[in-house]
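Chemist: Going by numbering that gives the first Met the number 0, the letters in the sequence shown line up with residues 0 to 413, in that order. Handing you this structure, nothing more for now.
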Amino acid sequence: MRPGEPAPGVPLLAREALRATADAIAAVQEPDGAIPWFAGGHTDPWDHLECAMALLIAGRVDAADAAWDWLRHHQRPDGSWATSHVGGAVKEDFADSNQCAYVATALWHRWLVTGDRAFVARMWPVARAALDFVVDLQAPGGQIWWARTAAGEDYPEALVTGCSSTLHSLRCGLGLAALVGETRPEWEVAAGALWHALRRHPEYFLPRDRWSMDWYYPVIGGALRGAEGRARLRSRWDDFVVPGLGIRCVADEPWVTGAETCELAIALHLVGETGAATDLVREMQHLRTPDGAYWTGWQFADKCHWPEEQSTWTAAAVVLAVDTLAGGPTERTFRGDDLPEGLHVVHRDDLPEPRDPSTPRTGRGTAGERAPRGEQRAGDLAAPGRGGEALTGPWRACGCDSEEPAEDPQRSRA
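Below you can see the structure in the form of structure tokens.
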């Protein structure tokens, strides 16, 4: 990382190149509006929405509208979506909390891009039902359980990446509620409790030290920003970043992936490291194909593209990263400066420890006092490691992991 390095002046991708990438995504879109991972692959709500966001940014409003229509038509009565569809039929019927929450982020992004209040009003019932479903999955400690079966049984495990993304989605939902003139106090409480859990209770989350996504997603989701966010990203830079190629999906495999590289670039930009972010997006362009699509990853030991697929969500991540670095509406979406914070209840473990009256004060601090919340070390956050669902989808079929949550008989994409 090169702190404070200015971004190079040469644009990352010309408008025509972004349009070609959007066209490559749209070419995979199915007649009913679904955007699968690749032709013939499955569609999940999170990656489908990420693609819709990229299509909108690159000017393919027709394809983006079709994607939103698919989402609205496939929402279930409880506000959720099935985790995956193939060829118009449900493949996995359990609901992933982060996949469901992401509709709020995508809808807020749509508002910032278009200013179309009528579209927000039409989709608001969809987003409201989805976030109500997600908040119902919140544990007493503030973390959000990662999934619920179609029969209504929760998987009582939480993931750092998914919860970090859900935190941001809850804030986007609060922004949408204000836009349509509604109040959702239960979402404010949920966002505050989730923020607290992510920052102060690593024991609430499954450890996923191998995955890069758990390393950088707390920055994208807003649990850490500023100096804390920079410290977080510095902490494992050498574990994941491969100079000239991008970043590893998992720390112990010789495999860089385009989407994770672009997401890290977004996180870097949000904490002021725009030069390093720009370098990463430029370096991962070796994955680009002549028609504007992107290979998912590069196995640099065997020197081959792997898996042998050009994933729509990788292409979408590129578009969103480029728009973020250009200061477009995607940056405003993820920075979230104009979004409600949620209700940050003061917890007992946020308070300073009682001072020993026999210990003299020494300037601003006092021996035995805990640092204010804003001065907590980045290491106080949950231990890094891929949590699963996030900006590029839950537990991609990367073949790099055989570990799954203990009570997860239905999860097969890992």
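The beta carbon of each residue, even a glycine, is placed where N, CA and C say it ideally should be.
(1) Compare the beta carbon distance of Trp45 and Ser96 with 7 Å and say whether it is the shorter of the two.
(2) Leaving out five residues before and five after Leu17 in sequence, what residues of the same chain have Cβ atoms less than 7 Å from its Cβ?
(3) In angstroms with no decimal places, state the Cα-to-Cα distance between Leu279 and Leu269.
(4) Go ahead and pull the three-state DSSP assignment for Gln98.
(5) Run through the region 87-133 for me and flag every whole alpha helix (DSSP H) of 4 or more residues, listed as ranges in chain order.
(6) Restricting to Cα atoms, I'd like to know which of Ser83, Glu272 and Val112 is closest to Pro328.
(7) Would you mind sorting Trp236 into buried or exposed? The rule is 16 or more other CB atoms within 10 Å of its CB.
(8) Of the choices His343, Thr160, Cys99 and Asp301, whose alpha-carbon is the least far from that of Glu252?
(9) With burial defined as no fewer than 16 other Cβ atoms inside 10 Å of the residue's Cβ, what is the status of Gly221: buried or exposed?
(10) Is Arg281 helix, strand or coil when you go by DSSP?
(11) Quick check on Cys303: does DSSP put it in helix, strand or coil?
(12) Taking Cβ positions, are Gly172 and Leu130 nearer each other than 7 Å?
(13) Just curious, the beta strand (DSSP E) that Ser310 is in, first and last residue?
(14) Put Asp64 into one of helix, strand or coil per three-state DSSP.
(15) Pull up the distance between the alpha-carbon of Thr273 and that of Ala314, whole angstroms please.
(16) Quick one: using the 10 Å Cβ neighbour count with 16 as the cut-off for buried, is Pro217 buried or exposed?
(17) Just mark His72 as buried or exposed, buried being the case when its beta carbon has 16 or more other beta carbons within 10 Å.
(18) Can you say whether Asp336 is buried or exposed, counting buried as having 16 or more other CB atoms within 10 angstroms of its CB?
(19) Since I believe Leu11 is in contact with Thr277 (beta carbons under 8 Å), could you give me their beta-carbon distance rounded to a whole number of angstroms?
(20) Looking at the secondary structure, which residues open and close the alpha helix (DSSP H) in which Gly161 lies?
(21) Leaving out five residues on either side along the sequence, give the residues of the same chain with a beta carbon under 6 Å from the beta carbon of Gly228.
(22) Using a Cβ-Cβ cut-off of 6 Å (strictly less than) and excluding sequence neighbours within five positions of Arg183, which residues of its own chain qualify?
(23) Determine which residues share a DSSP beta bridge with Gly245 and list them.
(24) Between Arg170, Thr148 and Leu70, which lies nearest to Pro124 when the distance is taken from Cα to Cα?
(25) With which residues is His416 paired in a DSSP beta bridge?
(26) Give the DSSP-derived three-state secondary structure of His73 in the structure shown.
(27) Secondary structure at Ala208, three-state DSSP: helix, strand or coil?
(28) How far does the alpha helix (DSSP H) with Trp194 in it extend, from its first residue to its last?
(29) Quick check on Thr259: buried or exposed, where buried means 16 or more other Cβ atoms within 10 Å of its Cβ?
(30) Could you check how far apart the C-beta atoms of Gln98 and Asp43 are, in whole angstroms? I think they sit under 8 Å.
(31) What are the partner residues of Tyr293, as DSSP defines its beta bridges?
(32) Return yes when the Cβ of Asp238 is within less than 7 Å of the Cβ of Thr160, no when it is not.
(33) Quick check on the burial criterion: 16 or more other C-beta atoms within 10 angstroms. Buried or exposed for Gly191?
Modeler: A quick look at the data gives this:
(1) By one-based count along the sequence shown, residue 45 stands at place 46. By one-based count along the sequence shown, residue 96 stands at place 97. No, these two residues do not count as a Cβ contact at 7 Å.
(2) Along the sequence shown, one-based indexing puts residue 17 at 18. Counting only Cβ-Cβ distances below 7 Å, and skipping sequence neighbours, we find Ala57, Val318 and Val321.
(3) Translated into positions along the sequence shown, residue 279 becomes position 280. Translated into positions along the sequence shown, residue 269 becomes position 270. The alpha-carbon atoms of Leu279 and Leu269 are separated by roughly 14 Å.
(4) Against the sequence shown, residue 98 aligns to sequence position 99. Three-state result, Gln98: helix.
(5) Qualifying alpha helix (DSSP H) stretches, in chain order: 96-113.
(6) As a first step, residue 328 is located in the sequence shown; it is residue number 329 there, counting from the start. Of the listed residues, the one whose Cα sits closest to Pro328 is Val112.
(7) Mapped onto the sequence shown, residue 236 falls at position 237. Burial call: exposed.
(8) If you number the sequence shown from 1, residue 252 lands on position 253. When each option's Cα is compared against that of Glu252, the closest is Asp301.
(9) Taking the sequence shown and counting its residues from 1, one reaches residue 221 at position 222. Note on Gly221: 16 or more other CB atoms within 10 angstroms of its CB, so buried under the neighbour-count rule.
(10) One-based indexing of the sequence shown puts residue 281 at position 282. Three-state result, Arg281: helix.
(11) Within the sequence shown, the letter at position 304 stands for residue 303. Reduced to three states, the DSSP call for Cys303 is strand.
(12) Taking the sequence shown and counting its residues from 1, one reaches residue 172 at position 173. Taking the sequence shown and counting its residues from 1, one reaches residue 130 at position 131. Result yes, Cβ atoms of Gly172 and Leu130 sit closer than 7 Å.
(13) For the purposes of this step, residue 310 is taken as residue 311 along the sequence shown, with counting starting at 1. From DSSP, Ser310 is part of no beta strand (DSSP E); its letter is neither H nor E.
(14) Along the sequence shown, read from residue 1 onward, the residue named residue 64 stands at position 65. Correct three-state label for Asp64: helix.
(15) Position 274 of the sequence shown holds residue 273. Position 315 of the sequence shown holds residue 314. Rounded to the nearest angstrom, the two C-alpha atoms are 20 Å apart.
(16) Translated into the one-based positions of the sequence shown, residue 217 becomes position 218. By the neighbour-count rule (16 or more Cβ atoms within 10 Å), Pro217 is buried.
(17) Counting from one through the sequence shown, the residue named residue 72 turns up at place 73. Its Cβ having fewer than 16 others within 10 Å, His72 is exposed.
(18) By one-based count along the sequence shown, residue 336 stands at place 337. Exposed, because fewer than 16 other Cβ atoms sit within 10 Å of the Cβ of Asp336.
(19) Numbered from 1 along the sequence shown, position 278 holds the residue referred to as residue 277. Numbered from 1 along the sequence shown, position 12 holds the residue referred to as residue 11. About 7 Å separates the two Cβ atoms, so the contact holds.
(20) Along the sequence shown, read from residue 1 onward, the residue named residue 161 stands at position 162. Gly161 -> alpha helix (DSSP H) spans Val159 to Val179.
(21) Here residue 228 refers to the residue found at position 229 when the sequence shown is read from its first residue. Result list for Gly228: Val218 and Val270, in chain order.
(22) Taking the first residue of the sequence shown as 1, we reach residue 183 at position 184. The answer, listed in chain order, is Ala176.
(23) Stepping through the sequence shown from its first residue, residue 245 is reached at position 246. For Gly245, which the question treats as bridged, DSSP gives the partners Val241.
(24) Along the sequence shown, one-based indexing puts residue 124 at 125. Residue Leu70 is the option with its Cα nearest to Pro124.
(25) With the chain running from 0 to 413 in the structure shown, residue 416 is simply not present.
(26) Numbered from its first residue, the sequence shown carries residue 73 at position 74. In the structure shown, His73 sits in a helix (DSSP, three-state: H, G or I).
(27) Counted from its first residue, the sequence shown places residue 208 at position 209. Here residue 208 is Asp; the residue named in the question, Ala, does not match the sequence. Residue state, collapsed to three classes: coil.
(28) Against the sequence shown, residue 194 aligns to sequence position 195. Pro184 to Arg199 is the span of the alpha helix (DSSP H), which, as asked, contains Trp194.
(29) The residue labelled residue 259 in the question sits at position 260 within the sequence shown. The question names Thr, yet the displayed sequence has Glu at residue 259. Classification for Glu259: buried.
(30) On the sequence shown, position 99 is the one that residue 98 refers to. On the sequence shown, position 44 is the one that residue 43 refers to. So it is a contact: roughly 6 Å between Cβ atoms.
(31) In the sequence shown, the residue the question calls residue 293 occupies position 294. In DSSP, Tyr293 forms a bridge with Arg287.
(32) Here residue 160 refers to the residue found at position 161 of the sequence shown. Here residue 238 refers to the residue found at position 239 of the sequence shown. Contact: no.
(33) Position 192 of the sequence shown, counting from 1, holds the residue named residue 191. Gly191 is buried by the Cβ-count criterion.
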